[in-house]
Structures are given as structure tokens and as C-alpha cells.
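Right, one structure below, let's go through it.
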Amino acid sequence: MYEDAPTERREGRGPILSVEDMEITTTDLGLAARVQHLTKTYGSGEGAVAALDDVSVGIRRGQFTAIMGASGSGKSTLMHIMAGLDTATRGRAWIGDTEITGLGDLDLTILRRRRVGFIFQAFNLVPTLDALGNILLPFELDGRRPSAIERARIDGLVQTLGIGPRLRHRPHQLSGGQQQRVAIARALATAPDLVFADEPTGNLDSASGREVLQLLSDASREHGQSIAMVTHDAVAASHADRVLFLGDGRIVADHPRRSADEIAALMLSTAADATAHPAQPVGVAA
Ligand SMILES: Nc1ncnc2c1ncn2[C@@H]1O[C@H](COP(=O)(O)OP(=O)(O)OP(=O)(O)O)[C@@H](O)[C@H]1O
Ligand SMILES: [Mg+2]
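When we follow this note's numbering, the leftmost residue of the sequence shown carries the number 941, and every step to the right adds one.
Listed below in C-alpha cells is the structure:
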């Protein structure tokens, strides 16, 4: 985040750190996760697409960070790599102080299961399990049953998200918004340190959307969890402590909390920048 963010966009931030400073630990930096010089290229030759182009950014511990940017700007790719669900073409990634670049599958799976909750853009529910089975899946995979505290947390999530009457339904029997809410309950059930939410309100009516945003705000404010949320919605992003903008695979802006109107204006200006400088397929000479 350090070298990518222009000086005038650094308001409300700590001292500017150089690349060398990145060798100090993620925890020292007050971050829950970070990536450094991350590049992700899909395909090869003339058809290659740079989904991420030298991105260095951190998710601050205990903060609620919104990630915005046009469709195709690299938001999902960035979150997948930060969460250890995908690998980068170049660059490094850490979850807490553990560098996940090159970490073995087993270690990565355990780290992810214990520390990270992921709400997928496409929900990724297990079709053969009912809603409750999906919510309990992280415990099942960890070979344990939820404790009394965890059961109470799950009950609270089910209640808040209004999915109680649908717990015995399988994903294909649920509406898109209901599936989204089950996916949110699953990601928050273990109270992970770090939650990635890829358009978690994308399929929800405004009342359900507000509940979800409240859940995510509470997770950071009351429980100290670190939340990174992709959204296209200025109102949703106005709940966050910080708003990052991606454009063509790069961080193009980094702001502290903003109102929905201010974010809407920023969305327009970053979209205009992207139109002025359209992405080049990497295989084609500029
Ligand atoms: N598996 C893949 N193979 C090839 N190209 C891909 C693949 N996944 C993503 N891309 C490309 O990488 C770029 C970034 O995709 P990404 O899904 O990260 O965008 P996004 O910002 O999440 O967009 P949206 O808002 O539409 O979800 C896009 O140009 C996309 O076409
Ligand atoms: Mg996406």
C-alpha cells in the first residue's frame, strides 16, 4: 500500500514506509494481512491479462476496509490471493506474521480454517448439505463440534440474518439472498480474525443488507476482527473505516471513512481515470 498510494491520498495515515520497512512483521505494522508487489497474470502470450499489477497493500488489524473498483479491476483476485485461496504470479502474501507465499497445502488449509472467513461472490455453498450443515462445515472440517459459546454465536447469526426457518433447506431450495446469508453465517461462525467478504450485500434487499453491514461493523468494532469487503455500493462502503479503490489491477486510491455521497463521487472519478487509461492486455506492446 505504501508505494502505491499517492501522497495526497494518505490523509489520516501513519508515516510513509519504504519497501525496506516491509521486512518488519505484519503485526508490527498493525496489519492482519498484507501483500507486497503482487502480480497476477491469467493466460500467456498475446491473450495474457494482468488481473493485478504490482499491488502492495495491507488490511489493518481490527478495521473494516471496503474495496471498490470497476468490474474486472481485480478485487476478487486480490481477496482470493490475500486469503490463500489462489496463488500470485509474482509477489508475496502474509496472513498475520505467516508468509503464505509457497506455504504447503496442509499448513495453508489449517491456517485458513482457523484464522480466515471468506464470503464468496458466488456463495460456494456445498450443494449436498442443508443450510445448517453449511454453517457448521468449518467446525466439521476442523474435526470438532462448536463449543457452547460458538453455538450461541451461531444462533445469534441465524437470528440476525433471518435464516432460522430455512436451516433444513439445501442451497438449490434457497433464494440467492438466502444463500448469501447462509454463506455469511458460515464465514462468521468461528469468529475468525480476518474476514474477506466479496460483495456480501450484492443479493440482498436493503434491510437485510443493513443487517449484514451492521454484523461486519460489529465484528471489527466490538470483536476486533479485521474485515475486508468488496462492494459496488457507496452506502455499504460508507460503513467502512477505510475505502480502497482498485483500477486496472492497481490500488488507485486509499481513503479514510467517507460519506456515501463522497464515495459515489470518488467512484465516478476513479471510473473516469480508468476510461482515460484503459487496461492493456500484457501480451500486447504498449
Ligand atoms: N480464471 C481466470 N482466467 C482468466 N482471466 C481471469 C480469471 N479470473 C479473473 N480473470 C480476469 O482478471 C481480471 C480481474 O478479475 P476479478 O474477478 O478479480 O475482477 P473483480 O474486480 O472482482 O470484478 P467484479 O466486480 O466483476 O467481480 C478480469 O479482467 C477477469 O476477466
Ligand atoms: Mg469480483
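Note that beta-carbon positions come from the ideal geometry of N, C-alpha and C, so glycine has one too.
Near V1170, what residues of its chain come up, given a Cβ to Cβ distance below 6 Å and the 5 sequence neighbours on each side ignored?
I1007, K1015, D1138, E1139
What does the alpha-carbon distance come out to for the pair F1060 and N1143?
12 Å
Using alpha carbons as the reference points, say which of E1090, H1112, E1039, R1052 lies closest to L1069.
H1112
According to DSSP, is M1207 part of a helix, a strand, or is it coil?
helix
With DSSP collapsed to three states, give me the class of F1079.
helix
With distances taken between CB atoms, is the gap from L971 to I999 smaller than 9 Å?
yes
Any idea if S984 is buried or exposed, counting beta-carbon neighbours within 10 angstroms, 16 or more meaning buried?
exposed
Under 9 Å between C-beta atoms of L1186 and G1009:
yes
Nearest-angstrom Cα distance between D968 and D993?
26 Å
Kindly indicate which residue of R1001, G1083, A988 has the alpha-carbon position closest to the one of E1162.
R1001
Under the rule that 16 or more other beta-carbon atoms within 10 Å means buried, what is V1066, buried or exposed?
exposed
Taking V1135 and G1057 to be in contact with their CB atoms under 8 Å, please state how far apart those CB atoms are, rounded to whole angstroms.
4 Å
If you compare alpha carbons, which of D1095, T1005, T1027 is closest to Q976?
T1027
In whole angstroms, give me the CA-to-CA distance for L1107 and E986.
48 Å
Taking 9 Å as the threshold (C-beta atoms), are D1133 and S1166 in contact?
yes
Residues near E948 by beta carbon distance below 8 Å, same chain, minus five either side:
For E948, the predicted model reports a pLDDT of 40, less than 50, meaning its position is unreliable; a value from the coordinates is still stated below. Taken in chain order, the list of residues that qualify is empty.
Shortest alpha-carbon distance to R1190 belongs to which of T966, A990, F1004?
A990
Say yes only if the C-beta of S1016 is nearer than 8 Å to one or more non-hydrogen atoms of ligand 1, and no if none qualify.
yes
Does the beta-carbon distance from E1090 to T1029 come in below 9 Å?
no
With a Cβ-Cβ cutoff of 9 Å, do Q1119 and F1063 count as a contact?
yes
Output needed for T965: all residues of its chain with C-beta closer than 6 Å, excluding positions within five of it in sequence on either side, in chain order.
D1037
Please classify P1140: does DSSP put it in a helix, a strand, or coil?
coil
At a cut-off of 8 Å, would you count S984 as near ligand 1, judging by its Cβ distance to the nearest heavy atom?
no
Cβ atoms of S1011 and S1188: under 9 Å apart, would you say?
Note on residue identity: the sequence assigns Asp, not Ser, to residue 1188. Not closer than 9 Å, so no.
Cβ neighbours of V1098 in the same chain (closer than 8 Å, five flanking residues each side left out):
I1075, G1104, L1107, A1125
In the DSSP assignment, the alpha helix (DSSP H) including I1094 goes from what residue to what residue?
1088-1101
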